[in-house]
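Chains as they are written, first to last, in the numbering used here: chain A, 711 to 935; chain B, 711 to 935. Backbone N, C-alpha and C fix where the C-beta goes; we use that ideal spot for every residue, glycine too. In this text, all values refer to a predicted model and were calculated from it rather than measured experimentally.
There are 2 protein chains.
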Amino acid sequence: MPVAKPAFLFDLDGTLVDSVYQHVLAWHEALQSERIALPVWQIHRKIGMSGGLFANMLLRETNLEITPERLDRLRSLHGAAFRRHGVTVRPLPGAVELLKFLSERGVPWAIATSGRMETAGPSIASLGVDPARTPVVTRDQVEHAKPDPDLFLAAAERLDHPIEDAFVVGDSIWDILAARRAKALAIGLLTGGYGESELERSGAFRVFGSPADLLKHIDEVGVRR
Amino acid sequence: MPVAKPAFLFDLDGTLVDSVYQHVLAWHEALQSERIALPVWQIHRKIGMSGGLFANMLLRETNLEITPERLDRLRSLHGAAFRRHGVTVRPLPGAVELLKFLSERGVPWAIATSGRMETAGPSIASLGVDPARTPVVTRDQVEHAKPDPDLFLAAAERLDHPIEDAFVVGDSIWDILAARRAKALAIGLLTGGYGESELERSGAFRVFGSPADLLKHIDEVGVRR
Numbered sequence: 711m712p713v714a715k716p717a718f719l720f721d722l723d724g725t726l727v728d729s730v731y732q733h734v735l736a737w738h739e740a741l742q743s744e745r746i747a748l749p750v751w752q753i754h755r756k757i758g759m760s761g762g763l764f765a766n767m768l769l770r771e772t773n774l775e776i777t778p779e780r781l782d783r784l785r786s787l788h789g790a791a792f793r794r795h796g797v798t799v800r801p802l803p804g805a806v807e808l809l810k811f812l813s814e815r816g817v818p819w820a821i822a823t824s825g826r827m828e829t830a831g832p833s834i835a836s837l838g839v840d841p842a843r844t845p846v847v848t849r850d851q852v853e854h855a856k857p858d859p860d861l862f863l864a865a866a867e868r869l870d871h872p873i874e875d876a877f878v879v880g881d882s883i884w885d886i887l888a889a890r891r892a893k894a895l896a897i898g899l900l901t902g903g904y905g906e907s908e909l910e911r912s913g914a915f916r917v918f919g920s921p922a923d924l925l926k927h928i929d930e931v932g933v934r935r
Numbered sequence: 711m712p713v714a715k716p717a718f719l720f721d722l723d724g725t726l727v728d729s730v731y732q733h734v735l736a737w738h739e740a741l742q743s744e745r746i747a748l749p750v751w752q753i754h755r756k757i758g759m760s761g762g763l764f765a766n767m768l769l770r771e772t773n774l775e776i777t778p779e780r781l782d783r784l785r786s787l788h789g790a791a792f793r794r795h796g797v798t799v800r801p802l803p804g805a806v807e808l809l810k811f812l813s814e815r816g817v818p819w820a821i822a823t824s825g826r827m828e829t830a831g832p833s834i835a836s837l838g839v840d841p842a843r844t845p846v847v848t849r850d851q852v853e854h855a856k857p858d859p860d861l862f863l864a865a866a867e868r869l870d871h872p873i874e875d876a877f878v879v880g881d882s883i884w885d886i887l888a889a890r891r892a893k894a895l896a897i898g899l900l901t902g903g904y905g906e907s908e909l910e911r912s913g914a915f916r917v918f919g920s921p922a923d924l925l926k927h928i929d930e931v932g933v934r935r
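Right, dumping it as structure tokens:
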């Protein structure tokens with residue numbers, strides 16, 4: 711039996727576009743507006759998980775009551791702050807080239823993000839990706855976001871590709887954990903600011919520096935040049 | 711011969727005040743103004759090193775010529791951006807309490823930062839530290855900043871305390887590396903956003919979560935309650 715060809719399921723923020731730190735400070739500003747004190751690095755480590763779990767984390771770390779109304783306000787404050795910070799967001803080195811390479815080789819790929827289409831839209835556009843032609847699964851389309859496996863399972867389904875033969879590519883431990891739940895192998899990238907061993911400890915199959923670095927070593931994950 | 715009492719030499723940004731991410735995005739904006747493309751996480755990993763070495767890093771990673779004029783412009787752009795971002799900077803959890811505890815116990819401590827007094831001033835003030843009474847060594851006062859050992863050596867000298875009996879407390883690998891050059895033991899804090907094993911691999915003697923966490927375990931580093 712021949713080995714199945716791989717597909718690639720990409721996280722968006724911190725993996726294809728350089729937006730993690732802007733999201734982090736946007737959350738920090740939103741929390742400060744609500745007089746919720748949380749050190750910035752702790753926000754950084756929670757970015758990429760679902761909004762509901764993020765709220766539970768806030769509750770746990772601050773002992774404040776996080777009502778649905780407060781969470782709505784926080785989301786909207788974060789959105790406004792991110793729109794200000796977002797002007798500095800760019801594709802990560804090699805991201806556009808990597809996606810182009812996969813498309814040219816006929817390797818299936820999709821994007822699966824814990825963000826909503828509203829915030830993810832401009833980032834996806836900056837990559838030159840047309841959501842009408844490329845499967846893009848956003849938070850709006852699944853019940854549970856990362857670290858639950860739903861987003862990656864939905865993305866594989868959209869590609870009509872078995873999840874077991876897919877690589878998930880992500881920058882945060884939430885991507886890696888969700889990939890493992892989904893039974894995909896996870897490739898970690900350093901571009902979100904996690905350390906190499908944080909990604910390895912969460913179960914990354916490989917860790918590369920950037921999309922460019924992954925493209926350079928693409929034959930090591932089953933794509934022949 | 712009785713064991714010498716410890717002294718504590720603190721880094722400032724990311725160790726006592728929650729300012730690393732604001733510095734990171736301020737540098738990112740400054741670099742974008744000069745059309746220098748560098749992913750944000752790479753800036754994060756270089757924060758805390760001396761400005762001269764930071765410029766060499768830029769040269770190495772981007773292959774652009776970094777003239778003294780360009781470096782001056784970058785510094786001034788960073789300063790302006792940081793003044794905007796800096797309004798969200800707060801002392802880290804437990805920082806004020808830790809310094810107060812050490813003062814009350816008569817344990818000598820000082821601050822040693824790669825920043826200049828101009829940017830460091832407001833952060834120091836937010837900690838309730840009076841530079842007239844507490845030794846504060848800034849970049850302006852030594853020849854080489856971190857990861858060279860000069861800042862910590864100067865801080866120990868200001869305390870008239872042997873550096874070998876001092877703990878350096880910092881959040882970045884540049885603090886840890888400078889501490890080792892200086893022959894001090896280094897305590898790493900996670901508050902700058904480095905992963906635990908990045909700090910351990912650079913040679914940290916211990917790693918704690920925050921100044922509050924260090925205060926809670928202070929008897930493990932030679933200060934009796």
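Under the rule that a run must span 4 or more residues, the alpha helix (DSSP H) segments found entirely inside the segment 812-868 of chain A read 827-836.
Within the same chain, 860, 861 and 864 come within 7 Å of residue 852 of chain A by CB-CB distance, once the 5 residues on both sides are set aside. Not a single CB atom of chain A sits nearer than 8 Å to the CB of residue 771 of chain B. When the five nearest sequence neighbours on each side are left out, the beta carbons in the same chain lying within less than 6 Å of the beta carbon of residue 874 of chain B are those of 893, in order along the chain. Residues of the segment 786-804 of chain A whose Cβ lies closer than 8 Å to any Cβ of chain B, in chain order: 795, 798, 800, 802 and 803.
Rounded to whole angstroms, the gap between the alpha carbons of residue 827 of chain A and residue 849 of chain A is 8 Å. Taking a Cβ-Cβ cut-off of 8 Å, the neighbours of residue 900 of chain A in chain B comprise 751, given in sequence order.
Look at residue 877 of chain B here: in three-state DSSP terms it is strand. Cβ contact annotation for residue 922 of chain B (same chain, cutoff 6 Å, sequence separation greater than five): 803 and 804, in chain order. Contact annotation: the segment 876-890 of chain B touches the segment 898-907 of chain B, with at least three C-beta pairs closer than 8 Å. Contacts with chain B at 8 Å (Cβ-Cβ) include residue 734 of chain A. Residue 723 of chain A places its beta carbon less than 8 Å from that of residue 733 of chain A. By the neighbour-count criterion, in which a residue is buried when 16 or more other Cβ atoms sit within 10 angstroms of its Cβ, residue 769 of chain B is exposed.
Residue pairing by DSSP places residue 720 of chain A opposite A:821 and A:879 in a beta bridge.
The C-alpha of residue 823 of chain B is placed about 14 Å away from the C-alpha of residue 887 of chain B. Between the alpha carbons of residue 741 of chain A and residue 747 of chain A lies a gap of roughly 7 Å. Note: residue 918 of chain B is bridge-paired with B:899 in the DSSP secondary-structure output. Taking all protein chains shown into account, residue 872 of chain A has fewer than 16 neighbouring C-beta atoms within 10 Å of its C-beta and is therefore exposed. Note: residue 801 of chain A is bridge-paired with A:727 in the DSSP secondary-structure output. About 5 Å separates the beta carbons of residue 718 of chain B and residue 877 of chain B, which is inside the 8 Å limit, making them a contact pair. Closest by C-alpha distance to residue 808 of chain A, out of A:771, A:779 and A:926, is A:926.
In this structure, the CA atom of residue 841 of chain B is about 52 Å from the CA atom of residue 838 of chain A. Taking all protein chains shown into account, residue 778 of chain A has fewer than 16 neighbouring C-beta atoms within 10 Å of its C-beta and is therefore exposed. The residues 760 and 860, in chain order, have a CB closer than 7 Å to that of residue 854 of chain A in the same chain once the five nearest residues on each side in sequence are set aside. Residue 714 of chain A carries a coil assignment under DSSP once its states are collapsed to helix, strand and coil. Annotation: Cβ neighbours of residue 903 of chain B in chain A (cutoff 7 Å, chain order): 751, 754 and 903. Non-local beta-carbon contacts of residue 753 of chain A in its own chain, meaning distances under 6 Å to residues more than five positions away in sequence, involve 734, 737 and 738 in chain order.
Taking residue 743 of chain B as the centre and dropping the five residues before and after it, the same chain places the C-beta of 787 closer than 7 Å to its C-beta, in chain order. For residue 933 of chain B, the CB contacts under 7 Å within the same chain, skipping 5 residues up- and downstream, are 716, 815 and 817 in chain order. Using a Cβ-Cβ cut-off of 7 Å, residue 728 of chain A is close to 749 and 750 of chain B, given in chain order. For residue 738 of chain B, the residues of chain A that pass the 8 Å Cβ criterion are 731 and 798, in the order they occur in the chain.
Between residue 814 of chain A and chain B, the shortest Cβ-Cβ separation is not below 8 Å.
Between residue 885 of chain A and residue 789 of chain A, the gap from beta carbon to beta carbon reaches 8 Å or more.
Judged by DSSP in its simplified three-state form, residue 746 of chain A adopts coil rather than helix or strand. With respect to the 8 Å criterion, residue 728 of chain B and residue 750 of chain A are classified as neighbours on the basis of their beta carbons.
A straight-line Cα-Cα distance of about 45 Å links residue 797 of chain B and residue 868 of chain A.
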